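Below is one structure, written out as structure tokens, with a few remarks after it.
In the numbering used here, the protein residues as written are 258 to 424.
Pasting the structure below:
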């Protein structure tokens with residue numbers, strides 16, 4: 258199941274109010290979506306978390322910080338994505354026109370097509386083992402460790418609904 262999946266890139270040590278920290282964490286996990294392989298489902302997900310900005314090229318920007326398709330275009334900032342095997346597509350979760358020493362809260366609600374039995378691969382890649390710390394102490398209401406800030410960056414995916422796609 259993909260419901261409740263979390264990308265977590267914690268700081269190796271609490272950076273206090275510094276704007277950077279080291280992280281040895283990496284997310285690279287594949288899960289199989291349930292359902293019938295004869296059916297494509299419209300899966301509505303909510304993605305919430307605290308992330309740093311990253312630039313991507315190609316694909317289509319689909320709202321604030323969400324990109325469908327494309328590829329990373331900076332060698333040092335964190336990549337947050339998930340890829341669906343069928344129908345094949347990659348989704349980036351921290352898209353921004355520029356990179357920089359900043360973190361922000363994301364709150365995306367998106368409907369994604371996923372065929373029954375497809376794989377979903379989640380990636381959180383710090384690329385250079387350094388990330389922008391949650392130095393603003395941002396908290397996402399209702400997502401652990403709220404009411405405390407997460408020491409690092411994270412995203413949580415919650416499935417809101419699953420419906421068979423209309424032919």
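Virtual Cβ for every residue (Gly too), placed ideally from N, Cα, C. Source: prediction; values computed, not measured.
- Rounded to whole angstroms, the gap between the alpha carbons of residue 391 and residue 283 is 17 Å.
- Buried is the label assigned to residue 410, since at least 16 other Cβ atoms lie within 10 Å of its Cβ.
- Taking C-alpha positions only, residue 313 is separated from residue 319 by approximately 13 Å.
- Residue nearest to residue 387 within the set 335, 315, 316 is 335 (criterion: CA-CA distance).
- For residue 301, the closest C-alpha among the options 324, 376, 260 is that of 260.
- Here DSSP, grouped into helix, strand and coil, assigns residue 336 to strand.
- For residue 298 and residue 421, the gap between their C-alpha atoms comes out near 4 Å.
- Under the DSSP assignment, residue 361 falls in the beta strand (DSSP E) whose first and last residues are 361 to 372.
- Scanning 332, 295, 338, 317 for the CA closest to the CA of residue 287 turns up 338.
- DSSP places residue 288 in the strand class (E or B) of the three-state scheme.
- Excluding sequence positions up to five before and after residue 294, its CB lies within less than 8 Å of the CB of 372, 373, 374, all in the same chain and listed in chain order.
- According to DSSP, residue pairing for residue 411 in a beta bridge involves 265, 307.
- Comparing C-alpha distances from residue 315 to each of 269, 262, 354 shows the shortest one belongs to 354.
- In terms of Cα proximity to residue 408, the closest of 262, 258, 280 is 280.
- Straight-line measurement puts the Cα of residue 389 at about 42 Å from the Cα of residue 423.
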